[in-house]
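Contents: one structure, followed by commentary.
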Amino acid sequence: MTAKRLSERTRQLLPSSTQVLDAKVKELIAQGADVVNLGIGEPDFDTLPDAREGGVTAIREGFTRYTATAGIAPLRQAIAGWLGTQRGLDYRSDEIVVSNGAKQGLFNSLMALVDPGDEVIIQAPYWVSYPEMIKLAGGVPVIIETCAETGFKMKPEMVASRLTSRTRAIILNSPSNPTGVVYGREELTELAQLAVEHQLAVISDEIYDHLVYEDIEFVAFASLGPQVRELTVTVNGFSKTCAMTGWRIGYAAAPRWLAAAMTDVQAHTTSAASSISQRAALAALVRPQPLLEKMRLEFDARRRMTVARLAGIPGISLEVVPRGAFYLFANVAGLFGVNEDGQPIENSDRLARLLLEEAGVAVVPGSAFGAPNHVRISYATSLEQLESGMDRLLRFAHAHQPVSASTIRSG
Ligand code: PMP
Ligand code: GLU
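The working numbering numbers the first residue of the sequence shown as 4 and each following residue consecutively.
Spelled out as structure tokens, the structure:
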């Protein structure tokens with residue numbers, strides 16, 4: 004027995020690669036290093052002025068005490084109203100739980116739904132935190148591999164073949180981090196039919212709902228019918244759309260019995276989200292925000308530019324053009340091997356490390372998302388930074404064209 008023993012659940016836990024990388028990159032930049040950060044999924048825009056003003060007003064008014072765990076009533080009402088008018092979702096305000104970022108909404112829902120040994124289906128490539136959150140909740144992640152041929156999407160038959168008596172839930176994330184893929188109405192309807200038939204809970208992470216391009220329709224999963232709504236937790240938040248990552252405001256919408264349990268989980272862990280941030284979020288909701296559309300169009304311009312530039316980089320291929328979120332998920336296996344200088348690249352971890360050290364570009368290796376032949380490139384940064392990042396990537400790719408396959412190739 005030693006006092007230094009960690010719990011089994013923490014020993015199993017992997018660090019968050021996105022956050023580890025971001026901490027490293029921000030430290031390098033603070034030390035004066037010339038690094039283009041295409042790693043973290045964080046908008047470079049300022050928080051909406053109305054939200055900032057809302058936060059300042061809250062401080063001035065002394066609105067600085069604990070609030071109700073599930074959030075202040077006007078914010079829950081405003082969220083329910085917004086989900087109704089913008090997303091066709093019919094939630095009452097007592098079915099909304101405001102949380103410390105969308106992350107906590109996801110975690111609360113897993114804690115409320117999953118018993119030890121219960122299986123939760125996710126697809127690979129997955130967002131880095133899903134498997135770890137499932138494990139923390141005592142569940143078992145069941146990972147369905149998707150590939151470029153299926154458009155990085157799960158088909159119902161792929162899900163059906165992995166169902167067992169222990170399957171409890173599916174996590175969906177459309178638009179997706181890391182692939183930028185957006186599921187269509189028909190595809191979601193098929194998955195919904197399966198969920199209803201087998202009475203599976205669906206946690207639908209819709210945090211990138213506003214960021215869809217090329218006239219693609221965003222479909223909220225719970226809008227697919229009353230039976231679907233009954234088994235869905237809709238997770239969303241202000242981090243991405245309103246450029247409010249540091250304010251830590253997300254929310255979940257779920258049938259009352261589940262929202263109540265999620266509130267209890269939150270009551271015993273963190274209590275309510277910050278009172279000031281809640282008022283900031285409310286200020287963003289109470290009147291139209293034309294800036295949101297401006298930001299979306301800017302993301303789209305960045306997406307198109309980066310997609311076009313990547314097409315000219317040898318050894319890197321974008322198999323599926325992303326139409327949502329702010330990520331590109333590129334296959335970099337064409338750079339695996341040994342270059343003229345005898346330098347080996349055996350996987351995307353090594354590639355991302357070299358790219359940072361030699362070329363000053365930060366990207367997240369695909370291993371973080373269960374896809375070791377890929378890297379994730381975030382275009383949530385300025386066009387100038389992206390241009391510079393693509394120039395560096397191009398030079399790096401030329402210098403690392405493999406002359407022979409690496410013997411330690413993996414993935
Ligand atoms: N879900 C996905 C898919 C994300 O990319 C993120 C990004 N952080 C989150 C949830 C968590 O968002 P938040 O910062 O609001 O916790
Ligand atoms: N979700 C963002 C990303 O994937 C932010 C980092 C995180 O929350 O892990 O980069």
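Even glycine gets a Cβ: it sits at the ideal position worked out from N, Cα and C.
Whole beta strand (DSSP E) runs in the stretch 127-213 with 3 or more residues, listed along the chain? Runs of the beta strand (DSSP E) inside the stretch 127-213: 143-148, 170-176, 204-208.
Please confirm whether any heavy atom of the ligand GLU lies closer than 7 Å to the CB of threonine 21. yes
Inspect the CB distances between the stretch 194-212 and the stretch 332-351 and report whether three or more fall short of 8 Å. no
I want to check one thing, is the minimum distance from the CB of isoleucine 210 to the heavy atoms of the ligand PMP below 7 Å? yes
What did DSSP end up calling glycine 373 once you bin it into helix, strand or coil? In this structure, glycine 373 counts as coil in the three-state DSSP scheme.
Going by DSSP, which residues form a beta bridge with isoleucine 124? Val145, Ile173
Jot down the residue ranges of each uninterrupted beta strand (DSSP E) in the stretch 66-129, minimum 3 residues, whole runs only, in chain order. 99-102, 122-127
Tell me, please, which residues DSSP counts as bridged to threonine 266. Answer by DSSP bridge pairing: none, since threonine 266 is not bridged.
Beta carbon of glycine 108, beta carbon of glycine 253: below 8 Å? yes
Cβ separation of cysteine 245 and alanine 287, assumed to be a contact under 8 Å, to the nearest whole Å: 5 Å
Do arginine 90 and serine 177 have their beta-carbon atoms positioned less than 8 Å apart in this structure? no
By DSSP, does serine 226 sit in helix, in strand, or in coil? helix
So does asparagine 176 have its beta carbon nearer than 7 Å to some heavy atom of the ligand PMP? For the ligand PMP, at least one heavy atom lies less than 7 Å from the Cβ of asparagine 176.
Three-way DSSP call (helix, strand, coil) for proline 347 in this model: When secondary structure is reduced to three states using DSSP, proline 347 falls in the strand class.
For the ligand PMP, I want to know if lysine 106 counts as a neighbour, meaning its beta carbon is within less than 7 Å of at least one of the ligand's heavy atoms. yes
Serine 413: buried (16+ other C-beta within 10 angstroms of its C-beta) or exposed? In this predicted model, serine 413 has a pLDDT of only 43, less than 50, meaning its place in the structure is not dependable; the value taken from the coordinates is given anyway. Per the 10 Å Cβ criterion, exposed.
The stretch 148-162 touching the stretch 21-37, judged by at least three CB pairs closer than 8 Å: no
What does the alpha-carbon distance come out to for the pair glycine 240 and valine 145? Taking C-alpha positions only, glycine 240 is separated from valine 145 by approximately 26 Å.
Thinking arginine 318 and alanine 402 are a contact (beta carbons under 8 Å), I'd like their distance in whole angstroms, please. Here residue 318 is glycine; the residue named in the question, arginine, does not match the sequence. Not a contact, Cβ separation roughly 11 Å.
Contact belief for valine 378 with alanine 355 at Cβ below 8 Å, rounded distance in angstroms: 6 Å
Using alpha carbons as the reference points, say which of Ser280, Leu51, Met157 lies closest to leucine 175. Nearest Cα to leucine 175 within the set Ser280, Leu51, Met157: Met157.
Less than 8 Å between the beta carbons of tyrosine 330 and proline 119, yes or no? no
Check whether the Cβ of asparagine 342 lies closer than 7 Å to any heavy atom of the ligand COA, and answer yes or no. Among the ligands present in this structure, namely the ligand PMP and the ligand GLU, the ligand COA is not found.
Taking 7 Å as the line, does the beta carbon of leucine 16 fall inside it for any heavy atom of the ligand PMP? no
Would you give the residue range spanned by the alpha helix (DSSP H) that alanine 54 belongs to? Where alanine 54 is concerned, the enclosing alpha helix (DSSP H) stretches over 52-63.
Are three or more beta carbon pairs between the stretch 65-84 and the stretch 260-279 nearer than 8 Å? Taking 8 Å as the limit for Cβ pairs, the verdict is that the stretch 260-279 does touch the stretch 65-84.
Candidates Glu30, Lys29, Gly44: closest to asparagine 367 by CA position: In the sequence on display, residue 367 carries valine and not asparagine. Checked all of Glu30, Lys29, Gly44; the closest Cα to valine 367 is Gly44.
Please report the straight-line C-alpha distance between serine 164 and glutamine 15, rounded to a whole angstrom. Separation of serine 164 and glutamine 15 (C-alpha to C-alpha, rounded to the nearest whole angstrom) is 27 Å.
Please state the DSSP three-state secondary structure of alanine 275. coil
For asparagine 155, which residues in the same chain have their Cβ closer than 6 Å to its Cβ, ignoring the five residues on either side in sequence? The displayed chain sequence assigns phenylalanine, not asparagine, to residue 155. Correct list, in chain order: Thr149, Thr182, Val184, Val323.
Can you tell me whether arginine 395 is buried or exposed, with buried defined as 16 or more other CB within 10 angstroms of its CB? buried
Start and end of the beta strand (DSSP E) containing alanine 333? 330-334
Note down, in chain order, each residue of its chain lying with its Cβ closer than 7 Å to the Cβ of alanine 371, except the 5 sequence neighbours on either side. If you ignore the 5 residues before and after alanine 371, its C-beta comes within less than 7 Å of the C-beta of Ser20, Thr21, Val131, all in its own chain and listed in chain order.
Suppose the cutoff is 6 Å on Cβ atoms and the five residues either side in sequence are ignored; what does the same chain contact list for alanine 328 look like? Pro178, Asn180, Gly183, Tyr211, Leu214
Assuming glycine 249 is part of the alpha helix (DSSP H), what are its boundary residues? That residue, glycine 249, is in no alpha helix (DSSP H); it is neither H nor E in DSSP.
So which of Tyr133, Leu139, Ala140 has the shortest CA-CA distance to isoleucine 147? In terms of CA proximity to isoleucine 147, Tyr133 leads the group Tyr133, Leu139, Ala140.
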